[in-house]
Amino acid sequence: MKIIIIEFFMAFMACLFFAIVYNTPKKELFFCGLFGGLGYALYYYLSRICGFGISANFFGALLIAFMARILSIYRQIPVMLYVLPSVFPLSPGANMYNAAYAIIKSDMFTAGIQTMICIKVVGVCVIAILIILSLPEFLFKPFKKKAV
977 MKIIIIEFFM AFMACLFFAI VYNTPKKELF FCGLFGGLGY ALYYYLSRIC GFGISANFFG
1037 ALLIAFMARI LSIYRQIPVM LYVLPSVFPL SPGANMYNAA YAIIKSDMFT AGIQTMICIK
1097 VVGVCVIAIL IILSLPEFLF KPFKKKAV
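For the sequence shown, the working numbering gives the first residue as 977, with consecutive numbering after it.
This is the structure we're talking about:
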């Protein structure tokens, strides 16, 4: 349990600083970090503890996109402002590195496997985001801010 809290905090900080690089408004920085931390904590729990594979990335990205969609409707700003920095910890950076390293070593079999894993992970993250973004607006009507 302690490890998940540490992983959450590290993902929170990574997303927070990535949002700063993206010039996200200061009022939204906390939420970018929070969504990324929660999405990565879910990914970590499902992949390490429950034994899910690439589907853990799917559920992590689904959670991030769902929370981002709700908050973007409530605060009336673009949803991608939250999604782009928050999905950063779910990207397959180690697999990309291993693929490039295998190419340098001329190990094309390992490079192909690592590249396919990268494509699968990015693909399921994109599909999860598209599922949430394709949901009709009226489902999120209760979260819309009331006019003053």
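C-beta: ideal position from N, C-alpha, C; glycine also.
All values derive from a computational prediction rather than experimental measurement.
Might you give, ordered along the chain, the residues of its own chain that have their beta carbon closer than 7 Å to the beta carbon of residue i, omitting 5 neighbours on each side?
i: residue 1062; result: 991, 1008, 1011, 1012, 1015, 1040 and 1044
i: residue 1059; result: 1040, 1041, 1044 and 1105
i: residue 1000; result: 1008, 1057 and 1061
Given that a residue counts as buried once 16 or more other Cβ atoms are within 10 Å of its Cβ, and exposed if not, what is residue i?
i: residue 1090; result: buried
i: residue 1076; result: exposed
i: residue 1101; result: buried
i: residue 1027; result: exposed
i: residue 988; result: buried
i: residue 1036; result: buried
i: residue 1038; result: buried
i: residue 1034; result: buried
i: residue 1070; result: exposed
i: residue 1068; result: buried
i: residue 985; result: exposed
Rounded to whole angstroms, what is the Cα-Cα separation between residue i and residue j?
i: residue 1074; j: residue 1093; result: 11 Å
i: residue 998; j: residue 1065; result: 15 Å
i: residue 1081; j: residue 1072; result: 14 Å
i: residue 1018; j: residue 1049; result: 23 Å
i: residue 1029; j: residue 1107; result: 20 Å
i: residue 1047; j: residue 1098; result: 24 Å
i: residue 1122; j: residue 1023; result: 39 Å
i: residue 1002; j: residue 993; result: 11 Å
Looking at the C-beta of residue i, does it have a partner C-beta in chain C at a distance below 9 Å?
i: residue 1028; result: Looking for chain C here will not work: only one protein chain is present.
Near residue i, what residues of its chain come up, given a Cβ to Cβ distance below 8 Å and the 5 sequence neighbours on each side ignored?
i: residue 1109; result: 1041, 1045 and 1055
Considering just the uninterrupted stretch of the alpha helix (DSSP H) at residue i, what are its terminal residues?
i: residue 1086; result: 1084-1109
i: residue 1022; result: Careful: residue 1022 lies outside any alpha helix (DSSP H) and carries neither H nor E.
i: residue 1061; result: 1056-1062
i: residue 978; result: 978-997
Note down, in chain order, each residue of its chain lying with its Cβ closer than 6 Å to the Cβ of residue i, except the 5 sequence neighbours on either side.
i: residue 995; result: 1005, 1008 and 1061
i: residue 1086; result: 1078
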